[in-house]
Each structure stands twice: as structure tokens, then as C-alpha cells.
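Below: the structure, in C-alpha cells.
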Amino acid sequence: MQTTDTQSETTINLTVNGAPEVIAVDVRTSLLDLLRERLHLSGTKKGCDHGQCGACTVHVNGKRVTSCLTLAVMHDGAEVTTIEGLGNPEKLHPMQAAFVACDAYQCGYCTSGQIMSAVALLKEPCGPDDAAVKELMSGNICRCGAYANIVAAIQQVRKNT
Amino acid sequence: MHTFEFIRPADSAGAVTAAAQAKTAQQGADVRFVAGGTTLLDLMKLSVETPARVIDINRLPLDKIEPTPDGGLKIGATVRNSDLAYHPTVQRDYAVLSQAILAGASAQLRNMATTAGNLLQRTRCVYFRDTAMPCNKREPGTGCPAITGANRMLAILGTSEQCIATNPSDMCVAMAALEATIHVQGAKGARAIPFGDFHLLPGSTPNRETVLEPGDLVTHVTLPPPVAGSRQIYLKLRDRVSYEFALASAAVVITVAGGRVTRARVALGGVGTKPWRSPAAEAALVGQSVNQANFAKAAEAALRDAKPQSENAFKIDLAKRCLTHTLQMATA
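These protein sequence lines map, in sequence, to chains A and B.
Taking the numbering used here, the leading residue of the first sequence gets -16, the next gets one more, and so forth.
Taking the numbering used here, the leading residue of the second sequence gets 736, the next gets one more, and so forth.
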């Protein structure tokens, strides 16, 4: 049997928002903690830390995942995109601009996860109506209850693209 | 989280060898395979699972969906739930499976969770998940506080004096109705397990949930060829519209000719200690004409042995109505 690693710490390669990263991690490190604590990309939020709230949603190889519920070591070689990789204050991603235009947040804690989910949804099989959007966004909880405007923001982007 | 040794074997044989050193493949296993991690890492954070070794099977070639020579479908262990649900063949020929998967979890979790992981999904019983509480499933012999406690979400079929925990999977309910076969590579070679034989009733050993032994690696699941002319529906009833476990669900694969049922496969979710195929409901349907009264009789048969707990007697009627309505939808 070959094993690439049997230590409690291991070095992994990741491409995060287009930049290569080589980083030694304790094998217990979640992808979320790696992003926040090691790479200081604090736009991705820790809510429940159990995959229930969606605040930690990022894209791994183009697919949205809850980064709290996966180990960083399981993603050696992967491409990761976080909210910091979508746009910036000078050049917002269309989804970010739509969230602003539609007032799709209040406290903002869930917002980066909402936006990462919403951007991924654009490439997923999703029916045209609001109900389909709500179903595919149900993994992102908003305690402020901005849901109606979140759906409006997503529909605005879908209509314009 | 307790620390562990992280192992990435080069092939399935290596994974089996590494896992075969475990004392058990059931609750408390000292070696665990990880694929999506959506159950395992959740439970490791709660210290419900404390494996000393974690074997990453994500790089093994178990991620394909392929036709089988007999006209069925082979689904790899690490196929992601979303890839399975949206696969054109699954949507066309095994629609109940697609519907069931899409009724479960969230889009993010479905992108991570895998076929084999979903087969081994653990109960959401709050006492199982809380190490401060007794639980016969987690620590045999400590008792079951659920029987006199918070049991609204728990099982009414297949329970024992030791455990009333519900199997939470949606995917498994559809696979039970589709008569899937689970393929395992183990220390003594490969074997095929009929779906109904894979999960165990809790009985006096609720810590044993499946027939898996140390070293057993689920490599794939096969589905038999689609049944020509069959209609398939999965209906899930829950406290919220989306992203919630079932209070009751039903998977139906039914064939009708001349106004009569010629073949029926029925399984229930959210009510059983394992994915609950109901031969009694199937027998009650076959040969009968398609009408509400006969569907209600089948539902009565499916729930005949139901045993309510202090907070979940409502599930008996709910499950009956769920099945009756699913049969109506599938034959409309």
C-alpha cells in the first residue's frame, strides 16, 4: 500500500482565487479554517461549523461546498474560489452588485455564503421560477430574513445574463 | 477534534488492507473511510466518531456512473449525490432516485456527499449526537433517553427496547424501492449484498447498523434494468419546505395495466430504523384496481406494525397519507 502521508501534519498545494498556495496543515484543519486562519481570507464565515447554515460556502473546482465540513488535506491540488476571488469594491461581480441593488442583506454575516451559492446556482440545473431558486438556495440560512430580496437579486442576474 | 492519521491509499486493495486492521466497522470504529465527509466530519467534531486513522478514498477510481451489461446501472461509491441526481440516465430511468436525492440536504452538501456515504448516513437522533447523554447506539448498555424524551422525529417501525433512532437517508428509500445491490470489496474478496440485507434492525445491538465488517469497502451500487412502463415517485413530508429531514416519505415504483396494478415496489423513509421496504404494501397492491380505497388498504398494511413513541403517534397517519398520496401521484 502506498500512502502519501501518515503524519498528523502534511503539506498541500491549493490554488486559491487564482494564486498558488503551498501550506503545511494539521490534518484536522477544515478547508474553512485554512482559508480564514492560515490564508487570512476572512470573507468566508464560520456559522454553525456543521454544514447546516451555508455561511462557509466556497467553490472547489467550480462546485459550491460547505468548507467547514471538509478537510483541507482532502483537496490537495484543488482550485478554490472564495468571495475575495469574485470581485472587489472597484469591480463587483454582477451577483455582488445585484445583492447591493436589491438590498439582499441586513447584518451581512451570511452574505458571502449566499453570494457564493448564488453564483454557483447560475451554472446548475435550476428552473426559471422563484420556487426553484428558493429550493436550490435552501442550504443558506439568513437569520435577518432577507430571503425575498436574495431571490430577487439572483433572478435579476439570471435575467440579465 | 481528536487527532488522527490521514492515509491516502493508491488503490482499493490498499484501502481494504488499511481498514482491515480495525476492530469494528460499526459505531466507534478506529479506522474510517472518508469520501464527502459530510457525516463523518460532523460526528468527529462532536466526538461521536473518534477514528485513529482516516482513509481518504476520493482518489480511487470509484466515481463513475456506467451502464451494466444486463441493462442496469453501476454507480460508483464516490459519485457525488448531485452528479447522480442530475445524471440523464438516472433522471430518465430511475426518476425516483433523482427525486429522492434532490429532496435531501442542500445543494452544497449534495455536491460533497457520495453514494457510499449516503448508504452509511447516521441517525439525527439528538441523543446519539450528544456525548453528554446516554445512547445505546453510541455506547451500548447506557440506555435510550429518546424513548421517554425528544422522539418526535424518531422511528415507528423497526424499533426495539434499546433504540428508536430513524434512518435519515432519502437516497436509501429510493434504492430500496429500486431493489439496488450493494457491492463490497473486503479482506476476503468481493461480495454483493441485496439492498434489504445491508442495513440491520437495532434489536439488542443498535451500535451495529450494517453488515459491514472491518476492511469492507463499498465500491459501487448496481440498479437492475429499469422496469418498462413503470411510474416512479418520491414524496417527502417535512417540517419545512426544503432542507429538512423527513417526518415521513415514500418511494413508489409501480406498473399499471388495464386499470390494475401489475407490479409495485414501495419503501418508506423517516419512519423506520432502516430504509423501510414494505412487502405487505406491495402484496396489497398487486392485482388490485387503481383507486383510493385500495391505496389506503396498502398504506394500512405498510403501517400495521407501527409502534408510536410518546411524541410521534402523528407519524402513523402521516405515513399512511404520504404513501396513499404517492400512489395516487404515480398512477394519475
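We put the CB at the ideal spot given by N, CA and C, even for glycine.
Note that the structure is a prediction, hence the values are computed from the model and not measured.
Review point. Looking at the C-beta of TYR969(B), does it have a partner C-beta in chain A at a distance below 8 Å?
Key: no
Practice item. Starting from GLY1005(B), follow the beta strand (DSSP E) in both directions and report where the run begins and ends. Key: Note, GLY1005(B): premise wrong, no beta strand (DSSP E); not H, not E.
Check your understanding: Name the DSSP bridge partner or partners of ARG815(B)?
Key -> THR849(B)
Practice item. Measure the beta-carbon distance from ALA1065(B) to ILE968(B) and round it to whole angstroms, keeping in mind my assumption that it falls under 8 Å. Key: 4 Å
Exercise for review: Write down every uninterrupted run of the alpha helix (DSSP H) in the segment 885 to 934 of chain B whose length is 4 residues or greater and which is fully enclosed by it, in chain order.
Suggested key: 906 to 912 and 930 to 933
Check your understanding: In chain B, which residues lie less than 7 Å from LYS46(A) when you measure between Cβ atoms?
Key -> ASN846
Review point. For the putative contact between GLY931(B) and ARG1012(B), defined by C-beta atoms under 8 Å, what is the C-beta separation to the nearest angstrom?
Key: 6 Å
Practice item. Note down, in chain order, all residues in the segment 956 to 981 of chain B with a beta-carbon under 7 Å from any beta-carbon belonging to chain A. Key: SER977 and TYR978
Practice item. Inspect the beta-carbon positions of ASN816(B) and MET736(B) and report whether they are closer than 8 Å. Key: no
Review point. Cβ of ASN793(B) less than 8 Å from any chain A Cβ?
Key: yes
Check your understanding: Whole-angstrom Cβ separation of ALA838(B) and LYS971(B), contact assumed at under 8 Å?
Key -> 4 Å
Review point. Expressed to the nearest angstrom, what Euclidean distance is found between the alpha-carbon atoms of VAL956(B) and PRO72(A)?
Key: 48 Å
Check your understanding: Does any residue of chain A bring its CB to less than 8 Å from the CB of THR1061(B)?
Key -> no
Practice item. Please list the residues of the segment 13 to 38 of chain A that have a C-beta atom closer than 9 Å to any C-beta atom in chain B, keeping them in chain order. Key: SER13, ASP32, HIS33, GLY34, GLN35 and GLY37
Exercise for review: Would you kindly check if the distance between the Cβ of LEU947(B) and the Cβ of ARG760(B) is under 8 Å?
Suggested key: Contrary to the premise, residue 760(B) reads as Ala rather than Arg in this sequence. Against a cut-off of 8 Å, the Cβ pair of LEU947(B) and ALA760(B) comes out as a contact.
Review point. So which residues of chain B does MET57(A) contact, with C-beta pairs closer than 8 Å?
Key: VAL769, GLY772, ASP791 and ASN793
Exercise for review: Might you give, ordered along the chain, the residues of its own chain that have their beta carbon closer than 6 Å to the beta carbon of ALA981(B), omitting 5 neighbours on each side?
Suggested key: LYS971, ARG973, GLY1004 and GLY1005
Exercise for review: Please confirm whether VAL751(B) and GLY950(B) have their CB atoms less than 8 Å apart.
Suggested key: yes
Practice item. Can you tell me which of the three DSSP states ASP828(B) falls into? Key: helix
Practice item. Could you tell me which uninterrupted beta strand (DSSP E) segments, each at least 3 residues in length, are contained entirely in the segment 9 to 95 of chain A, listed from first to last along the chain? Key: 40 to 43, 46 to 49 and 62 to 64
Practice item. Identify each residue in the segment 901 to 919 of chain B for which the Cβ-Cβ distance to at least one residue of chain A is less than 8 Å, and report them in chain order. Key: none
**Study point:** LYS28(A) classed as buried or exposed, judged by whether at least 16 other C-beta atoms fall within 10 angstroms
**Key:** buried
Check your understanding: Can you find a C-beta in chain A that's less than 8 Å from the C-beta of LEU819(B)?
Key -> no
Exercise for review: Return helix, strand or coil for ARG943(B), following the three-state DSSP convention.
Suggested key: coil
**Study point:** Residues of its chain near GLN732(B), where Cβ-Cβ distance is below 8 Å and the 5 sequence neighbours each way are ignored
**Key:** Given that chain B is displayed from residue 736 to residue 1067, the structure contains no residue 732(B) and the question cannot be resolved.
Review point. Exposed or buried, GLU896(B), counting other C-beta atoms within 10 Å across all chains shown (16 or more means buried)?
Key: exposed
Point to revise | Neighbourhood of GLY964(B) by C-beta distance below 7 Å, restricted to the same chain and skipping five residues each side | key: THR990
Check your understanding: Would you report the Cα separation of CYS90(A) and CYS127(A), rounded to the nearest angstrom?
Key -> 7 Å
Review point. Alpha carbon to alpha carbon, what distance is there between THR997(B) and PHE739(B)?
Key: 53 Å
Review point. Who are the Cβ neighbours of LEU1053(B) in its own chain at under 8 Å, not counting the five residues just before and after it?
Key: LEU972, LEU982 and ALA983
Check your understanding: Does the segment 4 to 23 of chain A touch the segment 76 to 83 of chain A, meaning 3 or more C-beta pairs lie closer than 8 Å?
Key -> no
Review point. So is ALA115(A) buried or exposed if we call it buried at 16+ other beta carbons inside 10 Å?
Key: exposed
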